[in-house]
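Numbering (my numbering), first residue to last: 1176 to 2066. We put the beta carbon where it would ideally sit given N, CA and C, even for glycine.
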């Protein structure tokens, strides 16, 4: 930009021994670049850049080492630098605390491309294809002038298209969107030149795609400034690639346009007020980062002197966003349970007040999804595409997605990647993300599944992507809609998540357990199981569980345990933001009284790890064994139920309904979606029940005996080998050893027997495909839900769930379920030729088989084959459709 070449570098080098005057020289250069004046520091006239980047002309003083680095940078060729590098530099500059607070993660270029395509470019290119086909048809008819009008009109619409990233960071998504849209604009202008429209092309300076088309909202002021600069750098790079390196853009080179707003994207408020107590002093809480050494335990505990002030937001409301055609973004990743810690209690309260229509259990990123879906439902935007955590497909976030898909103004997911690996080698951030693109109307979509993942040496992940096409459900799946089911009363109050301690001091090591265990304390020291204990190891550990005791009783009846908690738990809990956790510090944060009540009177209950590579269930003795929140419990001691949930039919359902979680992308068992709606077989004859019980008891006993005899074996290792056997793969030497000592073939025989018996219990073939199993279970759930409305409930454990239940003799209720007539010719015929082309192309693309012109015509109101045939031929002429020998057309 500054000519002659290397003049800026030479200016810097001239000050290597004159550092004091360098700021004055640079300031004079910035002033000249701002105004387009003569620059004394370079002794030449410089171009005018603009009125914002160089508006602040004060230059910072540099020491010798800093100047050396700047000279080295000025020696590089930056012409073709990837603008996204500035985003990488910013994230590296953020300290870990600031990065965590913002949920900041640099978005890799490949991920951006994967989202920009279906969100922005596919609809634009679909419109462009319609215009191309229409233009070709018009030219063939000798109506070239009319063809030029259509192409010019498309370019005018393209040049007015706005893209908004409401969490834009340093602008990577906007930059890629601009690059792709400029490529499309180049194709449009090439066609205009081909049509002889040179005058229009020569005069498009005032109505072309520029950084003004790309809008952003960003909370971090540095990132917002960089995002604006990234857009201009990308735009200038495109200019020089197209026009040549010696043809400068019109001045000012960087226009004083601010399309990136530095503000909160989610809420606005009238005021942010410091909370004060009754004495007028500021209310403070622990700052979350200050620690001190405990005088008794020697461990680091919260330092109560490290405080931060608490603020209240006055009249919070959803923030307004600038008007745009397409929304795209990668909002911050902050889990629901960490929002108060990261963002502050006042902000979270304000956020939830402003978004009352969404569940309070959703992650931070889902507020962006909810806002985007609201705008789409109102048809205020054309499409939106977001990168989120993969919690999007799970039970907490699913209502947000279901509300969009089931809204009065129908909308669809048109592109999804439910579980995509996300790893940043520098920060070692490793999570699973989802990519979703939503569009108005009832549409089929593309669901991408990531397979064959393997780690690469640089810390990234290599994988393959497999596409499926169909109607995409709220859980981001295609096929049987396992999200379109209802919880069944028959299963109520039996399945629970385990306890949440909220205090590591509850857990005892061996020495502590030995010191505290006595006849009067043993009942308060149950064995404690995490999900990892069930799947990977069975290291014995115990916890102090004083559930049922008020503080006075605990101190009086078990003083040794109370004192232990006083030293190891209270210092941490005393600084917790949750009032209940602070005041009832001697109890687990979530002691699960409902689980305990359901287990009362049982001697054992069924458990499974919430997240596990393989889904298996087993018995634990009660009350000697307590489970952590990473374990799911089923309050039943009946081996019949153990057999039913251990069957392939239930496991297929659980994997499909529960979603996946964690870096390992392992299936997650959630009681709300895996257990509560599951339709168990009913009216089983007693001999069949007993046969299932026998196999389930034998399976549970065999696994426990094997693990007791071989401490190095785990259930995950056993089931890894079992999976290899089912795949028909030859076992390795290590796997053969596990197989032989772990009696894996015997375990398989029990599972096979259970699978056959449970299939018999349903009256289904034993060799159904997974998809057929899910389809039948969804249908059975609807049948059971309808029965329950009529009063017939098939309780799993009636003596506990409904001891006074009496099934109705006869009861007929009108459920209001009538079949809606299928609409005929629902698509109105578009007014313009390009829109007609796009509409017909969409009909062809969504068809499962080739269509005749009559078939296509039936999709539109009042149209015949003669109307659509010329458009079909035009599509064929430009390669957007194929005409088969039998006269049918295919996309």
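- Of 1343, 1385, 1292, the smallest CA-CA separation from residue 1335 is found for 1385.
- A residue is called buried once 16 or more other Cβ atoms fall within 10 Å of its Cβ, and residue 2029, having fewer, is exposed.
- With respect to the C-alpha of residue 1719, the residue from 1554, 1734, 1224, 1383 having the closest C-alpha is 1734.
- Going by beta carbons, residue 1879 and residue 1815 fall outside the 8 Å limit.
- Excluding its 5 nearest sequence neighbours in each direction, residue 1576 has C-beta neighbours in its own chain below 6 Å: 1649, listed in chain order.
- Sequence-distant Cβ neighbours of residue 1554 in its own chain, meaning closer than 8 Å and more than five residues away, are 1584, 1615.
- Boundaries of the alpha helix (DSSP H) around residue 1756: 1754-1758.
- Proximity of the segment 1495-1507 to the segment 1530-1538 falls short of the contact definition, fewer than three beta-carbon pairs being nearer than 8 Å.
- In the DSSP annotation of this structure, the continuous segment of the beta strand (DSSP E) that includes residue 1461 starts and ends at 1459-1461.
- Within the segment 1353-1420, the complete alpha helix (DSSP H) segments at least 4 residues long are 1373-1377, 1396-1418, listed from N- to C-terminus.
- Scanning the segment 1605-1672 for uninterrupted alpha helix (DSSP H) segments of 4 residues or longer gives nothing; none is fully contained.
- In the displayed model, residue 1800 falls within a strand according to three-state DSSP.
- Per DSSP, residue 1222 has no beta bridge partner at all.
- Looking at the backbone, the Cα of residue 1415 and that of residue 1902 are separated by about 56 Å.
- Of the other Cβ atoms in all chains shown, fewer than 16 fall within 10 Å of the Cβ of residue 1862; this residue is therefore exposed.
- Residue 1696 is not a Cβ neighbour of residue 1788, given a cutoff of 8 Å.
- It is roughly 6 Å from the alpha-carbon of residue 1579 to the alpha-carbon of residue 1586.
- The beta carbons of residue 1740 and residue 1761 sit closer together than 8 Å.
- In the structure shown, residue 1774 falls within a helical segment according to DSSP collapsed to helix, strand and coil.
- Residue 1657 has its alpha-carbon roughly 15 Å from the corresponding atom of residue 1567.
- The segment 1442-1514 is shown to contain whole beta strand (DSSP E) runs of 3 or more residues at 1446-1449, 1459-1461, 1466-1468, 1475-1477, 1482-1484, 1486-1489, 1501-1504, in chain order.
- Counting along the chain, the unbroken beta strand (DSSP E) around residue 1340 starts and ends at 1338-1340.
- Proximity of the segment 1621-1629 to the segment 1638-1647 meets the contact definition, three or more beta-carbon pairs being nearer than 8 Å.
- Taking a 10 Å sphere around the C-beta of residue 1466, we find fewer than 16 other C-beta atoms and assign the residue as exposed.
- Taking C-beta atoms as the reference points, residue 1746 and residue 1523 fail to come closer than 8 Å.
- The residue from 2034, 2024, 1678 with its alpha-carbon nearest to that of residue 2057 is 2024.
- Residue nearest to residue 2007 within the set 1305, 1182, 1241, 1221 is 1305 (criterion: CA-CA distance).
- Pairing residue 1708 with residue 1701, the inter-Cα distance amounts to about 15 Å.
- As DSSP reads the structure, residue 1560 sits in a beta bridge with 1503, 1612.
- With a cutoff of 8 Å on beta-carbon distance, residue 1232 and residue 1202 are scored as near each other.
- Between the segment 2042-2055 and the segment 1303-1323 there are three or more C-beta pairs closer than 8 Å, enough to call the two in contact.
- Taken through DSSP and simplified to helix, strand or coil, residue 1970 comes out as coil.
- Secondary structure of residue 1434 (DSSP, three-state): coil.
- For residue 1842, the beta-bridge partners assigned by DSSP are 1835.
- It is roughly 22 Å from the alpha-carbon of residue 2061 to the alpha-carbon of residue 2038.
- By the Cβ-count criterion, residue 1597 is buried, with 16 or more other Cβ atoms from all chains shown falling within 10 Å of its own Cβ.
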